[in-house]
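Novice:
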Amino acid sequence: MVVAKPYADDIALTDEDKQKLKHKVNQWKGALENGGLKLNVAKTEYMACGGTDPDPIKVGDEFVVKTNKFKYLGSVLHESGEIDHDVSARISAAWAKWREVTGILCDPRIPVKLKGLVYKSIIRPVLLYGSEPWPVLGRHVQQLHVTEMKMLQWMCGVTRLDRIRNKHMRGSLGIRDVADKLQESRLRWYGHIRRRPVDYVGNRCLNLTVQGPRSRGRGRPKKRWLDVVTADMGETNLTPEDAENRAKWRRLSRKADPGARPGKR
78 MVVAKPYADD
88 IALTDEDKQK
98 LKHKVNQWKG
108 ALENGGLKLN
118 VAKTEYMACG
128 GTDPDPIKVG
138 DEFVVKTNKF
148 KYLGSVLHES
158 GEIDHDVSAR
168 ISAAWAKWRE
178 VTGILCDPRI
188 PVKLKGLVYK
198 SIIRPVLLYG
208 SEPWPVLGRH
218 VQQLHVTEMK
228 MLQWMCGVTR
238 LDRIRNKHMR
248 GSLGIRDVAD
258 KLQESRLRWY
268 GHIRRRPVDY
278 VGNRCLNLTV
288 QGPRSRGRGR
298 PKKRWLDVVT
308 ADMGETNLTP
318 EDAENRAKWR
328 RLSRKADPGA
338 RPGKR
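In my numbering, the protein residues as written are 78 to 342.
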């Protein structure tokens, strides 16, 4: 699959054939010019998933440079299909947001419960933005866990030398483990998809069979998002049919933070 992404308005065009994609981009360029607009080819790039052709795409008299990753609607897409770059980008974005409010989160005069609310309202949404479709592996969860615990330690004014257990810091701040929040987000999104019509694009993607090579290399197959969700449902005693009952699905899939009111995060 080949993807071209004009930067203006975050528009992405996809196709399975490079020449067809080139035709689409040129059509889009002509449509913009007919409306009095201009496509900035210098800020447009294209990415090929599984392709080996290094040549750029020509749009008009200019060339669109090939890249191996780009950011689209806040998420980093990579030609390999892996989420490592997206996870790293979310961690960097969370630290950037952390620096904006560090004066509050690291102030010893601020109650720890209030710090926890600020963290859950401002920092964690940035850290986990767009995480619903991630087919996370253990290393990804560990990266997010390490990042979060560094932030919580500074919020509580402790270091690893103080030998304070993580669960004690989480309890005092009222913050649930990041792995639980990831699971909750995945199940919530899966429930939304299951309740939509069969021809909804999300359901079509869930039932999509991707054609791959006839033979694959040695080693374990790549983990799919649906594999992760299936494991989540096993841990929470849910079945795909339970998604039709929104109240039941919400009650069993949601893991509220300690000290929060029922129905609140």
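Beta carbons are placed, not taken as given, at the ideal position from N, Cα and C, and that holds for glycine.
#1: Would you say Val189 and Cys233 are within 8 Å of each other, going by their C-beta atoms?
#2: Taking all protein chains shown into account, do 16 or more other C-beta atoms lie within 10 angstroms of the C-beta of His100, making it buried, or fewer, making it exposed?
#3: In this structure, what does DSSP give as the bridge partners for Tyr206?
#4: Could you give the residue range of the alpha helix (DSSP H) that holds Ala325?
#5: Comparing C-alpha positions only, which one of Asn243, Leu214, Arg273, Leu250 sits nearest to Asp304?
#6: Do Leu229 and Leu204 have their C-beta atoms within less than 8 Å of each other?
#7: State yes or no: is the C-beta of Glu122 within less than 8 Å of the C-beta of Val141?
#8: Pull up the CB-CB distance for Gly268 and Ser330, whole angstroms please, since I reckon it's below 8 Å.
#9: What residue range is occupied by the uninterrupted alpha helix (DSSP H) comprising Lys227?
#10: Could you compute how far the alpha carbon of Lys332 sits from the alpha carbon of Thr313?
#11: At what residue ranges does the segment 129–209 contain a whole run of the beta strand (DSSP E), taking only runs of 3 or more?
#12: If you follow the alpha helix (DSSP H) that Leu250 is in, where does it begin and where does it stop?
#13: What is the rounded straight-line gap between the Cα of Thr307 and the Cα of Tyr277?
#14: With distance defined between alpha-carbon atoms, name the residue in His217, Trp326, Leu259, Lys95 nearest to Asp163.
#15: Between Asp87 and the rest of its own chain, which residues show a CB-CB distance below 8 Å, the 5 nearest in sequence each way excluded?
#16: Just verifying my parser: in three-state terms, what is the DSSP assignment at Thr307?
#17: Taking Asn117 as the reference, which of Cys183, Pro212, Glu139, Ile241 has the closest Cα?
#18: In the structure shown, what three-state DSSP assignment does Trp68 receive?
#19: Using C-beta distances below 7 Å, list every residue in its chain close to Ile187, excluding the 5 sequence neighbours before and after it, in chain order.
#20: Please state the DSSP three-state secondary structure of Asp319.
#21: Between which two residues does the alpha helix (DSSP H) harbouring Arg280 extend?
#22: Could you tell me how far apart the beta carbons of Arg263 and Asp254 are, in whole angstroms, since I believe they sit closer than 8 Å?
#23: Give the single residue among His155, Cys183, Tyr206, Gly193 whose Cα lies nearest to the Cα of Ser169.
Specialist: According to the data block:
#1: Taking the C-beta atoms as reference points, Cys233 is found nearer than 8 Å to Val189.
#2: It counts as exposed.
#3: For Tyr206, DSSP assigns no beta-bridge partner whatsoever.
#4: Sequence check: residue 325 is Lys here, not Ala. Counting along the chain, the alpha helix (DSSP H) containing Lys325 begins and ends at 323–330.
#5: Per the Cα distances, Leu214.
#6: Leu204 is positioned such that its CB atom lies no closer than 8 Å to that of Leu229.
#7: Yes, they are a contact pair.
#8: Separation of the CB atoms of Gly268 and Ser330 is rounded to 7 Å, and the pair is thereby assigned contact status at 8 Å.
#9: 215–233 is the extent of the alpha helix (DSSP H) around Lys227.
#10: Approximately 10 Å between the Cα atoms of the pair.
#11: Along the length of the segment 129–209, whole beta strand (DSSP E) runs at least 3 residues long occupy 134–136, 139–143, 146–149, 152–155, reported in chain order.
#12: Counting along the chain, the alpha helix (DSSP H) containing Leu250 begins and ends at 243–250.
#13: Straight-line spacing of the CA atoms in Thr307 and Tyr277 works out to 20 Å.
#14: Out of His217, Trp326, Leu259, Lys95, the CA that lies nearest to the CA of Asp163 is found in His217.
#15: The residues are Tyr149, Leu150.
#16: Here Thr307 carries a helix assignment [DSSP, helix/strand/coil].
#17: When only C-alpha atoms are compared, the closest one is Glu139.
#18: The first residue shown for the chain is 78 and the last is 342, placing residue 68 beyond what the model contains.
#19: Correct list, in chain order: Ile181.
#20: Assigned with DSSP and collapsed to three states, Asp319 falls in helix.
#21: Note that residue 280 corresponds to Asn in the displayed sequence, not to Arg. According to the DSSP assignment, Asn280 belongs to the alpha helix (DSSP H) that extends over 278–283.
#22: Not quite, the Cβ-Cβ distance comes to about 14 Å (not below 8 Å), so this is no contact.
#23: From the listed residues His155, Cys183, Tyr206, Gly193, the smallest Cα separation to Ser169 is found for Tyr206.
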